[in-house]
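**Student:** Structure below; questions to follow.
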Amino acid sequence: MEKREKLYEGKAKIMFATDDPSLLIQHFTDNATAFNGKKKGIIKNKGIINNKITAKIFSMLEEKGIPTHFVEVINDREMLVKKLDIIMVELVVRNIAAGSLANRLGIETGTELPFPIVEYYYKSDELNDPMINEWHIKYLNLATPEELQYMVDTALKVNDILKKFFDERDIKLVDFKLEFGRHDGKILLGDEFTPDGSRLWNKSDNYILDKDRFRKDLGFVEEAYEEVCRRVCGE
Ligand code: ADP
Ligand code: UDP
């Protein structure tokens, strides 16, 4: 497998073509952004950590029957993935109120939700990733009702698997964002699962182990990512 041209550079990752048109290289950088790119910084070694965490979680999800784009790890910052036609709807699953849910609905941060809440956001940097509903998704032609149903069902399955997985590692899975895409007539889980796109709290004291440390300048950002990596990957 040969690395070819850069196809896209996003806020945290770079996608490269390969000599196989159905495969891409997903490269994780140390770049961190928050508030839709208004705050920028570097989290040292984040790319290496996020590559490891995503590889571990996606291979575990595959074993449990969730189809993902993950193929194999290539090196410390890169993984081989199946090329997706990304569905421009981000699914957020929440178990505990935090972030925009707490702010928008006036729910105290840390309130356990009696059931998981799923939300849709339109993946559009220009529009600031607005929250959308089924009607907007239909109007914008982002996904068919069947595709959306599959994504919701899969996101809830992923939540069940990951809640247990993190609980066994003394971490509360507060919320997370997933992206899906089309490949060979199937929908696969794509992108990443990392502390960049999830909220992870230490079980005993709710110590924050995710990108909120960067967003809110709480310090010990790299240490938090390393701690998640240690507990998830067993290092
Ligand atoms: P952003 O675009 O939000 O700045 P990233 O820096 O994470 O995000 O860039 C990675 C981009 O690659 C994202 O837009 C993501 O949707 C896309 N992507 C993730 N997995 C795949 C895949 N398997 N095939 C094609 N694109 C993908
Ligand atoms: N999230 C993400 N990308 C986005 C928006 C949110 O990965 O563009 C993740 C975020 O890290 C958190 C969850 O989705 O784990 C819910 O985010 P929220 O709506 O609370 O927004 P935030 O307050 O993080 O901007």
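In our numbering, the protein residues as written are 2 to 236. Here a beta-carbon is modelled for each residue, glycine too, at the ideal position from N, C-alpha and C.
(1) Look at Gly198 and Leu189 and say whether their C-beta atoms are less than 8 Å apart.
(2) Using the beta carbon as the reference atom, which residues fall closer than 5 Å to any heavy atom of ligand 2, ordered along the chain?
(3) By DSSP, does Lys212 sit in helix, in strand, or in coil?
(4) What residues in its chain sit with their C-beta under 7 Å from that of Tyr151, if we drop five residues either side in the sequence?
(5) Tell me where the alpha helix (DSSP H) around Glu148 begins and ends.
(6) Could you tell me which uninterrupted alpha helix (DSSP H) segments, each at least 4 residues in length, are contained entirely in the region 77-155, listed from first to last along the chain?
(7) Taking Asp86 as the reference, give the member of Gly186, Glu228, Glu113, Asp77 with the closest Cα.
(8) Since Phe59 and Phe215 are thought to touch, with beta carbons under 8 Å apart, how far apart are those beta carbons, to the nearest angstrom?
(9) Run the proximity test for Met16: is its beta-carbon closer than 7 Å to any non-hydrogen atom belonging to ligand 1?
(10) Alpha helix (DSSP H) containing Leu62: first to last residue?
(11) What's the gap between the Cα of Ile67 and the Cα of Ile162?
(12) Taking 7 Å as the cut-off, is the beta-carbon of Asn33 closer than that to any non-hydrogen atom of ligand 1?
(13) Please determine, among Ile108, Gly38, Glu10, the residue with the shortest C-alpha to C-alpha distance to Glu127.
(14) According to DSSP, is Glu180 helix, strand or coil?
(15) What do you reckon, are the CB atoms on Leu174 and Leu201 nearer than 8 Å?
(16) Would you call the CB atoms of Ile44 and Glu223 closer than 8 Å?
(17) Look at the Cβ atom of Ile133, then the Cβ atom of Thr112, and state whether they are nearer than 8 Å.
(18) Taking 7 Å as the line, does the beta carbon of Lys84 fall inside it for any heavy atom of ligand 1?
(19) Please say whether Met16 and Leu24 have beta carbons closer to each other than 8 Å?
(20) What residue does the alpha helix (DSSP H) around Glu3 start on, and which one ends it?
(21) Looking only at C-alpha atoms, which of Tyr9, Leu81, Asp192 sits nearest to Met2?
**Tutor:** From the atom records:
(1) no
(2) In chain order, the residues that have a beta carbon nearer than 5 Å to some heavy atom of ligand 2 are Val93, Gly100, Ser101, Asp130, Asp176, Lys178, Gly198, Ser199, Arg200.
(3) coil
(4) Excluding positions up to five away in sequence, the list reads Ile188.
(5) Looking at the DSSP string, the run of the alpha helix (DSSP H) that includes Glu148 is 146-168.
(6) 100-106, 135-140
(7) Gly186
(8) Under the criterion of beta carbons closer than 8 Å, Phe59 and Phe215 do not qualify as touching, at roughly 23 Å.
(9) yes
(10) 47-64
(11) Computed Cα separation, rounded: 10 Å.
(12) Note that residue 33 is Ala in the sequence shown, not Asn. Checking the Cβ of Ala33 against ligand 1 gives no.
(13) Gly38
(14) strand
(15) Yes. Within cutoff.
(16) yes
(17) The answer is no: Cβ separation not under 8 Å.
(18) yes
(19) no
(20) Careful: Glu3 lies outside any alpha helix (DSSP H) and carries neither H nor E.
(21) Leu81
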